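Report on one structure; see the data block that follows.
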Amino acid sequence: MKHFSAILTAAVLLGVEVNLRAEIADGIKAIAHDSVITYHQVETLAAPFVEELRRQYREQPALYEKQAAQAYDDAMERLVENQVILHDFESSAQYNLPESIIDERLEETIRTRFNNDRVAFTKTLQAEGKTLEQYRREFREEFIISEMRYVRGERAQIISPHKIEVFYLDHQDQFKLPEQVKLSLILLSKPADDAGQVRKLAGEILGKIQSGTTFAEMASIYSQGSEREAGGARDWEELAKLKEELRDSAIKLSTGQVSDVIETPAACYLVKLDGKRPAHVRPLNEVRDDIEKTILAQEHDRAQKQWIERLKKKTFVRYF
């Protein structure tokens, strides 16, 4: 109780209007300037991420607890940052946001999200327990925060070729491609009562291919795989990820060659090797655009974090 009294004292000294019953039930996680951030706000923001973590780590409860705790911390920090940004905007004379812009964006939202149906819009507000005034205030704050984060992060617009080259050399592992093969496949599934008929058919198909009929033609007639419509052709794929029986056959083939009949308990296969790519590092010209986007995103985040840290230094922030 002493701890909670101290929190309330701090809040009152800051001029925060605190609803005692609500705060006792909810609890305070942080105060940023004159805004109280509650457990409920943190949990609401973190909820989608925590749910995803629960699915991802359902077999690893200890790891889930660790990741979920971090998600709650990140959510709290995001809420603190939002309040610090709003305080800076509202208290600084350098920013000017005509209210007409908010009204225009709000009308645009009603048009796009609710198909300009104001009845549906009003019912949604009622279901959420909000008045139009509350919704507009929240809409305005979200707009300000979003725009301020974007503008303050847009400082490094030009990434030099040298910086891209250095990133490429320092992150070679990101651009490695394993050995790949491009195959064409004829798949013949075995029925439960198969007595060698499928293997016999596969042998007959192989004989026709060896006599000059194209592999694609035979695949389009006989194959039961998803590649049938493409004449058996598959996309490039990692050699190491192929089924063992297909991988072993592909390793022995030269480009253009067709395998002997490959038999498994469930099916018979014929494989044609259409191409082979050795393991290699993608050249810089292939990944330059991706690297530039990555560096831009990193610079954007760095500029934004530096700006927020400056704001925090001149704004009262306290965590509980």
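Numbered per the numbering used here, the sequence shown spans residues 572 to 891.
For every residue, glycine included, the Cβ atom is placed at its ideal position computed from N, Cα and C.
Computed from a predicted structure; not experimentally measured.
Whether residue i touches residue j by CB criterion (9 Å)
i: Glu623; j: Ala646; result: no
i: Phe522; j: Ile822; result: As displayed, the chain neither begins before 572 nor continues past 891, which places residue 522 out of reach and without an answer.
i: Asn653; j: Ile716; result: yes
i: Val752; j: Lys847; result: yes
i: Ile608; j: Ala617; result: no
i: Phe891; j: Ile599; result: yes
i: Ser820; j: Ile833; result: yes
i: Gly778; j: Ala790; result: no
i: Arg707; j: Ile673; result: yes
i: Arg625; j: Tyr635; result: yes
Identity of the residues DSSP links to residue i by a beta bridge
i: His851; result: Leu748
i: Tyr840; result: Leu758, Ile833
i: Tyr890; result: Ala601
i: Gly846; result: Lys753
i: Ser606; result: Ala603
i: Ala804; result: Ser755
i: Glu857; result: Paired residue(s): none; Glu857 is not in a bridge.
i: Glu809; result: Gln751
Of the residues the options, the one placed nearest residue i, counting alpha carbons only
i: Leu841; options: Arg818, Pro849, His851, Pro854; result: Arg818
i: Arg711; options: Gln745, Arg676, Arg682; result: Arg676
i: Glu857; options: Glu652, Glu880, Tyr890, Lys747; result: Lys747
i: Ala868; options: Gly724, Glu788, Arg689; result: Gly724
i: Lys734; options: Ala640, Arg708, Ile866; result: Ile866
i: Pro749; options: Lys779, Gly778, Gln665, Pro849; result: Pro849
i: Ile780; options: Asp765, Gly827, Glu808; result: Gly827
i: Gln665; options: Leu696, Asp674, Met719; result: Met719
i: Phe620; options: Ala640, Ser671, His611, Ala633; result: Ala640
i: Gln743; options: Ser830, Arg853, Gln627; result: Arg853
i: Tyr721; options: Ala633, Pro732, Glu870, Arg881; result: Glu870
i: Gln894; options: Ser606, Lys694, Arg859, Lys637; result: No statement about residue 894 is possible, as the shown extent of the chain runs from 572 to 891 and does not include it.
Residue span of the alpha helix (DSSP H) that contains residue i, given as start and end
i: Ile729; result: First-last for Ile729: undefined, no H or E at that position.
i: Gly783; result: Run containing Gly783: none; DSSP gives neither H nor E here.
i: His658; result: 632 to 662
i: Glu709; result: 703 to 724
i: Leu817; result: 815 to 823
**Asked** For the region 796 to 808 against the region 733 to 742, are there 3 or more C-beta pairs whose distance is under 8 Å?
**Response** Judged by Cβ distances under 8 Å, the region 796 to 808 makes no contact with the region 733 to 742, as fewer than three pairs qualify.
**Touch test, the region 772 to 785 against the region 855 to 875, Cβ-Cβ under 8 Å, three pairs minimum** = They do not touch, by the three-pair rule.
**Asked** Using 8 Å as the Cβ pair cut-off and three pairs as the minimum, do the region 756 to 771 and the region 838 to 852 touch?
**Response** In short, these stretches touch, since the Cβ pair count reaches three.
**Request:** Would you be able to state if there are at least three C-beta pairs under 8 Å between the region 656 to 672 and the region 694 to 708?
**Result:** Because the criterion of three Cβ pairs below 8 Å is not met, the region 694 to 708 and the region 656 to 672 do not touch.
**Request:** Examine the Cβ distances between the region 762 to 780 and the region 832 to 839 and report whether three or more of them are shorter than 8 Å.
**Result:** Yes, they touch.
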